[in-house]
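Trainee:
Numbering (this note's numbering), first residue to last: 3 to 485.
1. Around the Cβ of residue 310, are there at least 16 other Cβ atoms within 10 angstroms (buried) or fewer (exposed)?
2. Along the chain, which unbroken stretches of the alpha helix (DSSP H) at least 4 residues long are found entirely within the segment 267–312?
3. To the nearest angstrom, report how far apart residue 85 and residue 368 are at their CA atoms.
4. DSSP beta-bridge partners for residue 486?
5. Would you mind sorting residue 40 into buried or exposed? The rule is 16 or more other CB atoms within 10 Å of its CB.
6. Report back the beta-carbon spacing between residue 90 and residue 109 to the nearest angstrom; my notes put them in contact at under 8 Å.
7. Look up residue 97 in the DSSP assignment and say whether it is helix, strand or coil.
8. In whole angstroms, what is the alpha-carbon distance linking residue 286 and residue 306?
9. Figure out for me which residue from 376, 92, 296, 300 has the closest Cα to the Cα of residue 410.
10. Could you tell me the boundaries of the alpha helix (DSSP H) in which residue 247 lies?
11. Could you say which of 161, 319, 382, 416 lies nearest to residue 365 if we only look at CA atoms?
12. Which class does residue 133 belong to by DSSP, given the choice of helix, strand or coil?
13. In this structure, how does DSSP classify residue 123 when only helix, strand and coil are distinguished?
14. Examine the Cβ distances between the segment 270–278 and the segment 239–249 and report whether three or more of them are shorter than 8 Å.
15. In three-state terms, what does DSSP make of residue 342?
16. Nearest-angstrom Cα distance between residue 432 and residue 87?
17. Under a Cβ-count criterion, where at least 16 other Cβ atoms within 10 Å of its own Cβ denotes burial, should residue 123 be classed as buried or exposed?
18. Once the 5 residues before and after residue 420 are set aside, which same chain residues still bring their CB inside 7 Å of it?
19. Between the C-alpha atoms of residue 537 and residue 80, what's the straight-line distance to the nearest angstrom?
20. Here's the rule: buried if 16 or more other CB atoms are within 10 angstroms of the residue's CB, otherwise exposed. What is residue 304?
21. When the Cα atoms are used, what is the spatial distance from residue 8 to residue 27?
22. How close, in whole Å, do the beta carbons of residue 25 and residue 56 come, if the pair is a contact with beta carbons under 8 Å?
23. Mark residue 161 as exposed unless 16 or more other C-beta atoms lie within 10 angstroms of its C-beta, in which case mark it buried.
24. For residue 318 and residue 259, which I take to be in contact (beta-carbon distance under 8 Å), what is that distance rounded to the nearest angstrom?
25. Would you check if the distance between the CB atom of residue 146 and the CB atom of residue 72 is smaller than 8 Å?
26. Could you give the DSSP three-state label for residue 330: helix, strand or coil?
27. Under 8 Å by Cβ, that's how I've got residue 99 and residue 153 pegged, so tell me the actual separation to the nearest angstrom.
28. Report, in whole angstroms, the separation of the C-beta atoms of residue 398 and residue 414, which I expect to be a contact under 8 Å.
29. Smallest Cα separation from residue 139: which of 121, 76, 170, 129?
30. Cα-Cα, which of 51, 155, 264 is closest to residue 171?
31. Please report how far the alpha carbon of residue 341 lies from the alpha carbon of residue 312, in whole angstroms.
32. Out of 68, 270, 298, state which residue places its alpha-carbon closest to the alpha-carbon of residue 334.
33. Can residue 255 and residue 321 be called in contact, C-beta distance under 8 Å?
34. What span of residues does the alpha helix (DSSP H) with residue 415 cover, start to end?
35. Does DSSP put residue 208 in a helix, a strand or coil?
36. Nearest by alpha-carbon distance to residue 69: which of 142, 357, 282 is it?
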């Protein structure tokens with residue numbers, strides 16, 4: 003039989019006997035430098051392959067979108083040259099990906115496909131500007147040109163990627179190593195009926211079967227398997243079997259023991275932590291009774307796996323005896339843990355209430371105390387544009403404007419997001435629905451505004467002065483007026 007040794011050609015060996023260096027160069031240092039250079043080149047090759055894979059996927063997806071634009075433009079049912087945004091929407095129609103699916107880094111600086119299509123359409127519009135002919139046909143022609151150009155780039159990238167992968171396959175690296183085969187044999191615990199001896203006449207066989215049933219070896223192997231699964235899986239959510247176990251009422255130890263005998267895989271720390279999380283959420287939801295029951299059963303799991311392979315039998319033989327010290331110690335632990343969860347939930351609820359911030363709103367108020375905002379309902383005299391803006395408002399905003407009350411408008415703005423409210427205020431100003439006017443005071447209001455208590459100023463004079471101020475004249479009170 004001929005043995006094929008070609009696979010060993012991929013190994014890069016650093017053999018001292020094969021290295022010849024200058025007498026002034028330390029051989030060990032030279033070998034370390036050589037090894038470091040090999041690792042640097044491997045990492046660079048790996049990064050080049052990753053960048054090319056991202057680029058090829060991105061260009062392939064972009065090519066599909068350009069092909070779709072060309073087909074739409076050739077059919078003539080929809081125009082791809084009307085606007086850039088419309089072209090972007092047509093290109094992305096039917097596609098769900100916005101970026102390459104590979105894991106990206108911040109340094110990759112990969113743009114979304116919509117941005118790429120938008121840049122391409124802007125470039126095409128600049129290229130066809132000033133050219134004679136149908137704009138749609140010119141746009142489709144430029145799309146075909148850029149499509150062929152991108153297709154050529156994509157073919158070159160595929161060729162480069164194959165060359166880099168071939169170069170990488172010439173050497174064995176740690177990423178290529180994998181487990182050839184692996185197997186685990188688990189001896190499942192037999193039930194009481196299966197473990198019973200076939201012959202009822204031999205007492206020795208009966209004793210042997212009971213010993214096998216209570217032996218810690220099978221249970222220990224099962225618990226060992228659970229620990230391995232726990233290390234491989236960081237998910238701390240409780241399984242369905244553990245959640246069902248948590249529903250067993252407190253004090254029904256016989257039922258809990260039977261359930262754990264038939265479901266030994268839930269006796270591990272992961273399931274205990276998962277039930278504790280369930281209990282914490284129950285307390286947050288206000289279900290204290292379910293929380294206490296879940297904590298009780300979660301600690302049952304903790305005590306069983308803490309006591310070792312035979313912990314299930316050892317623990318339940320003690321906890322079922324109410325006179326045993328272990329029974330009282332266990333219940334004290336349950337009470338302490340439940341009270342701790344209650345306190346933590348209370349503190350957490352208080353922190354959430356303290357950290358709650360008021361919702362940001364936009365409200366209209368006059369900054370100058372001498373002015374007020376007057377609401378005006380736009381009509382035909384203000385032009386068609388004002389009516390068009392007014393009709394674009396929601397029914398609630400229209401009703402608020404027609405009431406001519408600023409408070410009603412503020413109520414509608416308070417129910418909007420900040421962005422929508424800013425846009426609404428802008429439209430209110432465009433249609434002339436809001437006007438700022440100076441206040442006209444009567445004598446009593448003017449005295450309140452300026453802190454006047456006496457009756458020296460005649461009410462009619464104050465009204466005339468205030469009206470004159472509104473019509474353009476300036477009223478400046480003298481010392482005698484104030485006194």
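Don't be surprised by glycine CBs; every beta carbon is placed ideally from N, CA and C.
Mentor: Walking through what the data contain:
1. The residue given as residue 310 occupies position 308 in the chain shown. Residue 310 should be labelled exposed.
2. 271–286, 290–308
3. What you label residue 85 is simply residue 83 of the chain shown in a count that begins at 1. What you label residue 368 is simply residue 366 of the chain shown in a count that begins at 1. Each residue's Cα considered, the two are about 42 Å apart.
4. Since the displayed the chain opens at 3 and closes at 485, residue 486 lies outside it and no answer follows.
5. The residue you call residue 40 lines up with position 38 of the chain shown. The residue in question, residue 40, is exposed, as its Cβ has fewer than 16 Cβ neighbours within 10 Å.
6. Position 88 of the chain shown, counting from 1, holds the residue named residue 90. Position 107 of the chain shown, counting from 1, holds the residue named residue 109. Residue 90 to residue 109, Cβ: 26 Å. No contact.
7. In the chain shown, residue 97 corresponds to position 95, counting from 1. For residue 97, the three-state secondary structure derived from DSSP is coil.
8. By 1-based counting over the chain shown, the position of residue 286 is 284. By 1-based counting over the chain shown, the position of residue 306 is 304. Each residue's Cα considered, the two are about 28 Å apart.
9. Residue numbering aside, residue 410 sits at position 408 when the chain shown is read from its first letter. Of 376, 92, 296, 300, the residue nearest in Cα terms is 376.
10. Against the chain shown, residue 247 aligns to sequence position 245. Where residue 247 is concerned, the enclosing alpha helix (DSSP H) stretches over 242–247.
11. Within the chain shown, the letter at position 363 stands for residue 365. Shortest Cα-Cα distance from residue 365 to any of 161, 319, 382, 416 involves 416.
12. Here the question's residue 133 lines up with position 131 in the chain shown. DSSP places residue 133 outside both helix and strand once states are collapsed to three, so it counts as coil.
13. Translated into the one-based positions of the chain shown, residue 123 becomes position 121. If DSSP states are grouped into helix, strand and coil, residue 123 belongs with the helices.
14. At 8 Å Cβ cutoff, the stretches touch.
15. Reading the chain shown from its first residue, position 340 is the one you call residue 342. Residue state, collapsed to three classes: helix.
16. Here residue 432 corresponds to residue number 430 of the chain shown, with the count starting at 1. Here residue 87 corresponds to residue number 85 of the chain shown, with the count starting at 1. Rounded to whole angstroms, residue 432 to residue 87 spans 26 Å at the Cα level.
17. As a position in the chain shown, residue 123 is number 121, starting the count at 1. That one is buried.
18. Here residue 420 is taken as the residue at index 418 of the chain shown, counted from 1. Counting only Cβ-Cβ distances below 7 Å, and skipping sequence neighbours, we find 362, 364.
19. Outside the modelled stretch of the chain, which goes from 3 to 485, sits residue 537, for which no answer is possible.
20. Taking the first residue of the chain shown as 1, we reach residue 304 at position 302. The residue in question, residue 304, is buried, as its Cβ has 16 or more Cβ neighbours within 10 Å.
21. Translated into positions along the chain shown, residue 8 becomes position 6. Translated into positions along the chain shown, residue 27 becomes position 25. C-alpha separation (whole angstroms): 34 Å.
22. The residue labelled residue 25 in the question sits at position 23 within the chain shown. The residue labelled residue 56 in the question sits at position 54 within the chain shown. No, residue 25 and residue 56 are not in contact; Cβ-Cβ is about 48 Å, not under 8 Å.
23. Numbered from 1 along the chain shown, position 159 holds the residue referred to as residue 161. Flag for residue 161 reads exposed.
24. Working through the chain shown from its first residue, we reach residue 318 at position 316. Working through the chain shown from its first residue, we reach residue 259 at position 257. With a Cβ gap of about 5 Å, residue 318 and residue 259 count as contacting.
25. For the purposes of this step, residue 146 is taken as residue 144 along the chain shown, with counting starting at 1. For the purposes of this step, residue 72 is taken as residue 70 along the chain shown, with counting starting at 1. Against a cut-off of 8 Å, the Cβ pair of residue 72 and residue 146 comes out as a contact.
26. Start at 1 with the first residue of the chain shown, and residue 330 comes out as number 328. It is helical.
27. Taking the first residue of the chain shown as position 1, residue 99 is located at position 97. Taking the first residue of the chain shown as position 1, residue 153 is located at position 151. In fact, because the Cβ distance is near 19 Å, the residues do not count as touching under 8 Å.
28. Translated into positions along the chain shown, residue 398 becomes position 396. Translated into positions along the chain shown, residue 414 becomes position 412. About 5 Å separates the beta carbons of residue 398 and residue 414, which is inside the 8 Å limit, making them a contact pair.
29. Numbered from its first residue, the chain shown carries residue 139 at position 137. When each option's Cα is compared against that of residue 139, the closest is 76.
30. Counting from 1 along the chain shown, the entry for residue 171 is found at position 169. Checking every option, the nearest Cα to that of residue 171 belongs to 51.
31. For the purposes of this step, residue 341 is taken as residue 339 along the chain shown, with counting starting at 1. For the purposes of this step, residue 312 is taken as residue 310 along the chain shown, with counting starting at 1. Whole-angstrom Cα-Cα distance: 30 Å.
32. Locating residue 334 in the chain shown gives position 332, where the first residue counts as 1. Looking at the Cα atoms, 298 is the closest of the given residues.
33. Walking along the chain shown from the start, residue 255 turns up at place 253. Walking along the chain shown from the start, residue 321 turns up at place 319. Contact flag set, yes.
34. Counting from one through the chain shown, the residue named residue 415 turns up at place 413. First-last of the alpha helix (DSSP H) with residue 415: 408–416.
35. For the purposes of this step, residue 208 is taken as the residue at position 206 of the chain shown. The predicted position of residue 208 is uncertain, since its pLDDT is 44 and thus under 50; a value taken from the coordinates is nonetheless stated next. Helix at residue 208.
36. The sequence position of residue 69 within the chain shown is 67, counting from 1. Among 142, 357, 282, the Cα nearest to that of residue 69 belongs to 142.
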